[in-house]
Amino acid sequence: MTADTPLLAPAIILAALAIKTALTELWHPGTAREAWAFVTDGKALTAGAAAAAATVLLGWNHIGITGVLAWACLVGALTGQLFHRSTRRP
197 MTADTPLLAP AIILAALAIK TALTELWHPG TAREAWAFVT DGKALTAGAA AAAATVLLGW
257 NHIGITGVLA WACLVGALTG QLFHRSTRRP
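Residue 275 in the numbering used here sits at position 79 of the sequence shown, with consecutive numbering throughout.
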């Protein structure tokens with residue numbers, strides 16, 4: 197296993213999410229703003245940061261600090277987005 201192997205999967209997933217956001221924005225303008233609105237939601241950011249911190253604390257011994265930071269960013273972003281969607285008012 198090389199040193200960059202833990203970075204490959206989160207990089208591919210983040211790239212796929214960015215491409216999906218860009219294509220959806222082309223088809224339906226304004227959807228990217230809705231998809232990334234969790235960045236301005238304090239509670240969603242707190243939930244994402246807590247999930248990212250837990251990922252770092254539990255995973256740094258297994259895959260190293262660079263790999264776990266990439267996974268923590270991905271986990272934090274996805275958790276924040278899910279939390280924002282679940283608490284959003286109609």
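Where a beta carbon is used, it is the ideal one built from N, C-alpha and C, also for glycine. All values derive from a computational prediction rather than experimental measurement.
Integer-rounded CB distance, given that residue j should sit under 8 Å from residue i
i    : j    : result
A233 : T275 : At roughly 15 Å, the Cβ-Cβ gap does not stay under 8 Å, so A233 and T275 are not in contact.
A266 : L203 : 5 Å
I208 : L270 : With 8 Å as the limit, I208 and L270 do not qualify as a contact, their Cβ atoms being about 10 Å apart.
T217 : A228 : 5 Å
Residue interval of the alpha helix (DSSP H) (run including residue i)
i    : result
W232 : Here W232 belongs to no alpha helix (DSSP H), and DSSP marks it neither H nor E.
G272 : 261-283
Close beta carbons around residue i, own chain, < 7 Å, minus the five adjacent residues each side
i    : result
A245 : G272
Helix, strand or coil at residue i [DSSP, three-state]
i    : result
P225 : coil
Other residues of its chain near residue i: CB distance less than 6 Å, five sequence neighbours each side excluded
i    : result
A240 : F234, G276, F279, H280
L201 : Note that residue 201 is Thr in the sequence shown, not Leu. No residues qualify anywhere along the chain.
A247 : V271, G272, T275
T220 : T227
Close Cβ partners of residue i (< 8 Å) along its chain, the five nearest in sequence each way excluded
i    : result
T251 : V264, W267, A268, V271, G272
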